[in-house]
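2 protein chains.
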Amino acid sequence: MPATPSTPATHTDPAGPADLVGCRNTTVIGAGVIGTSWAALFLAHGLHVTVTDPRPDAEEQVLAGLEGIVPTLAALGLPTGGLTDRLRFEPDLAAAVAAADLVQENGPERLGVKQEIWRTVEEAAPAHALFATSTSGVPATAIAEALEQPERLVVGHPFNPPHLVPLVEVVPGERTSPETVERACALYTALGKKPQVLRKEVPGFVANRLQSALFREAVHLVADGVVTEAELDAIVTDSIGMRWAVAGPFRTFHLGGGPGGLPHFLTHLGTQMAAGWPHLGRPVLDEPTVALLTRQAQDAFGGEPVAELAERRDRAQIALMNALGEDRDRGEAA
Amino acid sequence: MPATPSTPATHTDPAGPADLVGCRNTTVIGAGVIGTSWAALFLAHGLHVTVTDPRPDAEEQVLAGLEGIVPTLAALGLPTGGLTDRLRFEPDLAAAVAAADLVQENGPERLGVKQEIWRTVEEAAPAHALFATSTSGVPATAIAEALEQPERLVVGHPFNPPHLVPLVEVVPGERTSPETVERACALYTALGKKPQVLRKEVPGFVANRLQSALFREAVHLVADGVVTEAELDAIVTDSIGMRWAVAGPFRTFHLGGGPGGLPHFLTHLGTQMAAGWPHLGRPVLDEPTVALLTRQAQDAFGGEPVAELAERRDRAQIALMNALGEDRDRGEAA
Numbered sequence: 001m002p003a004t005p006s007t008p009a010t011h012t013d014p015a016g017p018a019d020l021v022g023c024r025n026t027t028v029i030g031a032g033v034i035g036t037s038w039a040a041l042f043l044a045h046g047l048h049v050t051v052t053d054p055r056p057d058a059e060e061q062v063l064a065g066l067e068g069i070v071p072t073l074a075a076l077g078l079p080t081g082g083l084t085d086r087l088r089f090e091p092d093l094a095a096a097v098a099a100a101d102l103v104q105e106n107g108p109e110r111l112g113v114k115q116e117i118w119r120t121v122e123e124a125a126p127a128h129a130l131f132a133t134s135t136s137g138v139p140a141t142a143i144a145e146a147l148e149q150p151e152r153l154v155v156g157h158p159f160n161p162p163h164l165v166p167l168v169e170v171v172p173g174e175r176t177s178p179e180t181v182e183r184a185c186a187l188y189t190a191l192g193k194k195p196q197v198l199r200k201e202v203p204g205f206v207a208n209r210l211q212s213a214l215f216r217e218a219v220h221l222v223a224d225g226v227v228t229e230a231e232l233d234a235i236v237t238d239s240i241g242m243r244w245a246v247a248g249p250f251r252t253f254h255l256g257g258g259p260g261g262l263p264h265f266l267t268h269l270g271t272q273m274a275a276g277w278p279h280l281g282r283p284v285l286d287e288p289t290v291a292l293l294t295r296q297a298q299d300a301f302g303g304e305p306v307a308e309l310a311e312r313r314d315r316a317q318i319a320l321m322n323a324l325g326e327d328r329d330r331g332e333a334a
Numbered sequence: 335m336p337a338t339p340s341t342p343a344t345h346t347d348p349a350g351p352a353d354l355v356g357c358r359n360t361t362v363i364g365a366g367v368i369g370t371s372w373a374a375l376f377l378a379h380g381l382h383v384t385v386t387d388p389r390p391d392a393e394e395q396v397l398a399g400l401e402g403i404v405p406t407l408a409a410l411g412l413p414t415g416g417l418t419d420r421l422r423f424e425p426d427l428a429a430a431v432a433a434a435d436l437v438q439e440n441g442p443e444r445l446g447v448k449q450e451i452w453r454t455v456e457e458a459a460p461a462h463a464l465f466a467t468s469t470s471g472v473p474a475t476a477i478a479e480a481l482e483q484p485e486r487l488v489v490g491h492p493f494n495p496p497h498l499v500p501l502v503e504v505v506p507g508e509r510t511s512p513e514t515v516e517r518a519c520a521l522y523t524a525l526g527k528k529p530q531v532l533r534k535e536v537p538g539f540v541a542n543r544l545q546s547a548l549f550r551e552a553v554h555l556v557a558d559g560v561v562t563e564a565e566l567d568a569i570v571t572d573s574i575g576m577r578w579a580v581a582g583p584f585r586t587f588h589l590g591g592g593p594g595g596l597p598h599f600l601t602h603l604g605t606q607m608a609a610g611w612p613h614l615g616r617p618v619l620d621e622p623t624v625a626l627l628t629r630q631a632q633d634a635f636g637g638e639p640v641a642e643l644a645e646r647r648d649r650a651q652i653a654l655m656n657a658l659g660e661d662r663d664r665g666e667a668a
């Protein structure tokens, strides 16, 4: 569980805060939603955090965000006392990374901007510092073309928000070293996350591609008038959603194949399913479609502020995680 | 929760078994996995069940299946005593439906066979009997072309297995009457299910189309060597799976859009996502792909019989349902 506050990899240094697999000082680049969430997670695991962002309200934004995150950290069983004692703000990027063991970057999703950021970090950070970018769309290979030591940079793409959802996609670039990948995985694991290393650098990585494929068909079905958004959501939570929380799609079809498992499924129902693939929807997010989806979203969810809905969802998420425990994908309850 | 053994719609008749929204006698056509699961659910709710199937081992098959389902019924909080006292077998279809209040058909997925079955049922069943087919692929409109009273037939497509998973897709044909739809929904609801009426009869209905769209991309990513089956499954359970168990895809993106909700999401990240749709994978389930998926399934899941894996998965499923309770899609814990 991400809730475990002290993994075997954690030990408390009597001279100061925790040291997590060789990491004590972290720098979070970017004071937005993802940066704030990483900062909260690092702080809750006893690390020092320096947040750097040129915007003048960075400190205000992060402190407000932290306040909203603290109840979730507590529900996850993480310590929440004195978090801000180990938090500082430094608008100057070079100064902010000067003592970093880990730099987690959450800058704008533009290659040029990321290259400039990482060039500065490479010059100013200690030689041992681990470089991770939260990017969901810019490959490490491309960013690292601007670096002297491309082997130090890896994608550590969280599923939002990182303080709650276990997945971190670790995506090495062509020149990322195995040691960098290993260190990133060890650190994310010590933070209670479930890192997954991809074997190939593909656009969108894995989780977002899968999500996008399902959402495409969802948009088609709503635009085609088969169901409303609220009806489609209920269908998902009452069937495939609850299934995939416990076992992924391959395991689910393995169990759906009877004693013959997935091989039997593939040669029987699988062929029939594949025959339908060319007939899945190909919707376009044009103006009328966006207008329809917007109208239905207002009907379905508009009665309450997003923040309150999200808070309730996250509480349910934690109840689910507690019920399932570590062994989600092995299909076991805690 | 499907676990509720006595809903307001249930009452015990002192003269005999329960009467569920006017239904006491059910006939289950087809002694396969789905038929057996429906039979178990009906029996656990106090109904009489007649199973009809021409195969000589129908009784043996259903009794063995029931034995496997009883622990799940018990875990769901349903009564499991004396189930078989209300179960009988009748190989002759006309005789089997002669006293039915509900006929739930799980025959072969071939139009001609289904039409023949339903013609016989229509002639032999009481005038008030509700006609539901579990088909996942044959439209009610097509089957009903063979009937005198097409208004009586509706699709009640469960997500397997119906005794556990809440969703039942209720899909009216062109000539299905509103009363039939209403009665089917009332009955499935009284059985603890979550019926969802579709507004249009589309191939694959909704849950299977969504599942198929995601699985298509999953096959692509594994065939392309980005991840293994086991890695992809872990990615899903640790991110979108646990998300969609609590809130469907539209609600999830509504909450991912910040204070502006889904409308903001659509005009920002949505456009970017849609730009990737044409680049999603278009795999073919050809021989080499099936061989690869089979090999990986054996590596990932081959160490244990499917039945044992399924049993563990179902226990985890019930733990999840108990943790989330009724309010899954409203994002609330029980």
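If you read the sequences in order, they're chains W and G.
Taken in order, the first sequence gives residues 1 to 334; the numbers are from our numbering.
Taken in order, the second sequence gives residues 335 to 668; the numbers are from our numbering.
Glycine included, every Cβ here is placed at the ideal spot set by N, Cα and C.
Any C-beta of chain W under 8 Å from that of G/Asp-567: Stepping through the second sequence from its first residue, residue 567 of chain G is reached at position 233. Yes, its Cβ sits closer than 8 Å to a Cβ of chain W.
Any non-hydrogen atom of the ligand NAP within 7 Å of W/Leu-221 CB: The ligand NAP is absent from the structure shown, which contains no ligand whatsoever.
Pair within 8 Å by beta-carbon distance, G/Leu-532 and G/Val-488: The count along the second sequence starts at 1 and reaches residue 532 of chain G at position 198. The count along the second sequence starts at 1 and reaches residue 488 of chain G at position 154. In this structure, G/Leu-532 sits away from G/Val-488, with a CB-CB distance that is not shorter than 8 Å.
Neighbour list for W/Glu-217 in chain G, Cβ cutoff strictly below 7 Å: Residue numbering aside, residue 217 of chain W sits at position 217 when the first sequence is read from its first letter. Within chain G, the residues near W/Glu-217 are Arg-543, Leu-544 and Ala-547.
Own chain partners of G/Ala-608 with C-beta closer than 6 Å, once the 5 adjacent residues on each side are dropped: Here residue 608 of chain G refers to the residue found at position 274 when the second sequence is read from its first residue. So no residue of the chain qualifies.
As assigned by DSSP and simplified to three states, the class of G/Leu-354: Along the second sequence, read from residue 1 onward, the residue named residue 354 of chain G stands at position 20. The answer is strand: DSSP assigns G/Leu-354 an E or B state.
C-alpha gap between G/Ile-403 and G/Ala-564, whole angstroms: Mapped onto the second sequence, residue 403 of chain G falls at position 69. Mapped onto the second sequence, residue 564 of chain G falls at position 230. G/Ile-403 and G/Ala-564 have their C-alpha atoms some 27 Å from each other.
Chain G residues whose Cβ lies nearer than 9 Å to that of W/Pro-288: Sequence index remark: in the first sequence, residue 288 of chain W carries index 288 (1-based). Those within 9 Å of W/Pro-288 in chain G number zero; the least Cβ separation is about 12 Å.
For G/Thr-671, three-class secondary structure by DSSP: Given that chain G is displayed from residue 335 to residue 668, the structure contains no residue 671 of chain G and the question cannot be resolved.
Selection of the region 474 to 500 of chain G by Cβ proximity to chain W, strictly under 7 Å: The region 474 to 500 of chain G vs chain W, Cβ under 7 Å: Phe-493, Asn-494, Val-499 and Pro-500.
Nearest-angstrom Cα separation, counted from G/Glu-645 out to W/Asn-106: The residue given as residue 106 of chain W occupies position 106 in the first sequence. The residue given as residue 645 of chain G occupies position 311 in the second sequence. In this structure, the alpha-carbon of W/Asn-106 lies about 42 Å from that of G/Glu-645.
Contact list for the region 393 to 407 of chain G against chain W, Cβ threshold 9 Å: The residues in question: there are none.
Through-space distance from G/Leu-521 to G/Leu-400, alpha-carbon basis: Start at 1 with the first residue of the second sequence, and residue 400 of chain G comes out as number 66. Start at 1 with the first residue of the second sequence, and residue 521 of chain G comes out as number 187. The alpha-carbon separation between G/Leu-400 and G/Leu-521 amounts to approximately 21 Å.
Alpha-carbon to alpha-carbon, W/Ala-213 and W/Asp-238: Position 238 of the first sequence, counted from the first residue, corresponds to residue 238 of chain W. Position 213 of the first sequence, counted from the first residue, corresponds to residue 213 of chain W. Taking the straight line from one Cα to the other gives about 19 Å.
Enclosing beta strand (DSSP E) for W/Lys-350 [first to last residue]: Because chain W is modelled from 1 through 334, residue 350 of chain W falls outside the range shown and cannot be assessed.
8 Å Cβ cutoff, G/Leu-375 in contact with chain W: The sequence position of residue 375 of chain G within the second sequence is 41, counting from 1. Judged by the 8 Å Cβ criterion, G/Leu-375 is not in contact with chain W.
Buried versus exposed call for W/Gly-204 [16 or more other C-beta atoms within 10 Å across all chains shown]: Position 204 of the first sequence, counted from the first residue, corresponds to residue 204 of chain W. Around the CB of W/Gly-204, 16 or more other CB atoms lie within 10 Å, so the residue is classed as buried.
Min CB distance G/Phe-423 to chain W below 8 Å: Here residue 423 of chain G is taken as the residue at index 89 of the second sequence, counted from 1. False, the Cβ-Cβ gap to chain W never drops below 8 Å.
Chain W contacts made by the region 445 to 459 of chain G, where a contact means CB separation under 8 Å: Hits within the stretch: zero.
Ordered list of alpha helix (DSSP H) runs contained in the region 408 to 436 of chain G, each at least 4 residues: You should have 427 to 430.
Per-residue burial, W/Ala-234 [other beta carbons within 10 Å of its own, 16 or more giving buried]: For the purposes of this step, residue 234 of chain W is taken as the residue at position 234 of the first sequence. With 16 or more other Cβ atoms within 10 Å, it is buried.
Coil, strand or helix - G/Gly-591 by DSSP: Along the second sequence, read from residue 1 onward, the residue named residue 591 of chain G stands at position 257. Residue state, collapsed to three classes: coil.
Burial state of W/Arg-282, where buried means 16 or more other Cβ atoms lie within 10 Å: The residue given as residue 282 of chain W occupies position 282 in the first sequence. Note on W/Arg-282: under 16 other CB atoms within 10 angstroms of its CB, so exposed under the neighbour-count rule.
Unbroken beta strand (DSSP E) run spanning W/His-157, endpoints: On the first sequence, residue 157 of chain W is found 157 positions in, with the first residue counted as 1. Looking at the DSSP string, the run of the beta strand (DSSP E) that includes W/His-157 is 153 to 158.
Buried/exposed call for W/Val-219, threshold 16 Cβ in 10 Å: The count along the first sequence starts at 1 and reaches residue 219 of chain W at position 219. Around the C-beta of W/Val-219, 16 or more other C-beta atoms lie within 10 Å, and the residue is accordingly described as buried.
Beta strand (DSSP E) segment containing G/Glu-621, residue limits: Within the second sequence, residue 621 of chain G is the residue found at index 287, counting from 1. For G/Glu-621, there is no enclosing beta strand (DSSP E); the enclosing alpha helix (DSSP H) covers residues 621 to 635.
Length at least 3, wholly inside the region 185 to 227 of chain W: the beta strand (DSSP E) runs in chain order: Given a length threshold of 3 residues, each whole run of the beta strand (DSSP E) inside the region 185 to 227 of chain W is given here in chain order: 194 to 197.
Cβ-based neighbour list, G/Asn-359, same chain, cut-off 6 Å, excluding 5 preceding and 5 following: For the purposes of this step, residue 359 of chain G is taken as the residue at position 25 of the second sequence. Close CB contacts of G/Asn-359 within its chain, under the 6 Å cut and outside five residues either way in sequence, are with His-382, Ala-433, Ala-434 and Asp-435 (chain order).
Three-state secondary structure assigned by DSSP to G/Thr-454: In the second sequence, the residue the question calls residue 454 of chain G occupies position 120. In this structure, G/Thr-454 counts as helix in the three-state DSSP scheme.
Residue(s) in a DSSP beta bridge with W/Glu-105: Residue mapping note: residue 105 of chain W aligns to position 105 of the first sequence, counting from 1. Note: W/Glu-105 sits in a beta bridge opposite W/Ile-29 and W/Thr-133.
Cα-Cα separation between W/Glu-122 and W/Gly-325, rounded to whole angstroms: The sequence position of residue 122 of chain W within the first sequence is 122, counting from 1. The sequence position of residue 325 of chain W within the first sequence is 325, counting from 1. One alpha carbon belongs to W/Glu-122, the other to W/Gly-325, and they sit about 39 Å apart.
Chain G residues whose Cβ lies nearer than 8 Å to that of W/Asn-322: As a position in the first sequence, residue 322 of chain W is number 322, starting the count at 1. Neighbours of W/Asn-322 on chain G, chain order: Ala-657.
Interface residues of chain G facing W/His-268 [CB-CB closer than 8 Å]: Walking along the first sequence from the start, residue 268 of chain W turns up at place 268. Per Cβ cutoff of 8 Å: no residues; W/His-268 is ~11 Å from chain G at best.
Unbroken alpha helix (DSSP H) run spanning G/Leu-501, endpoints: Taking the second sequence and counting its residues from 1, one reaches residue 501 of chain G at position 167. Unbroken run through G/Leu-501 is the beta strand (DSSP E), 501 to 506; no alpha helix (DSSP H).
Alpha-carbon to alpha-carbon, G/Glu-503 and G/Asp-426: Your numbering for residue 426 of chain G matches position 92 in the second sequence. Your numbering for residue 503 of chain G matches position 169 in the second sequence. For G/Asp-426 and G/Glu-503, the distance between alpha carbons rounds to 29 Å.
W/Met-1 in three-state terms, based on DSSP: In the first sequence, residue 1 of chain W corresponds to position 1, counting from 1. In this prediction, W/Met-1 scores a pLDDT of 38, lower than 50, which makes its location untrustworthy; no coordinate-derived value is stated.
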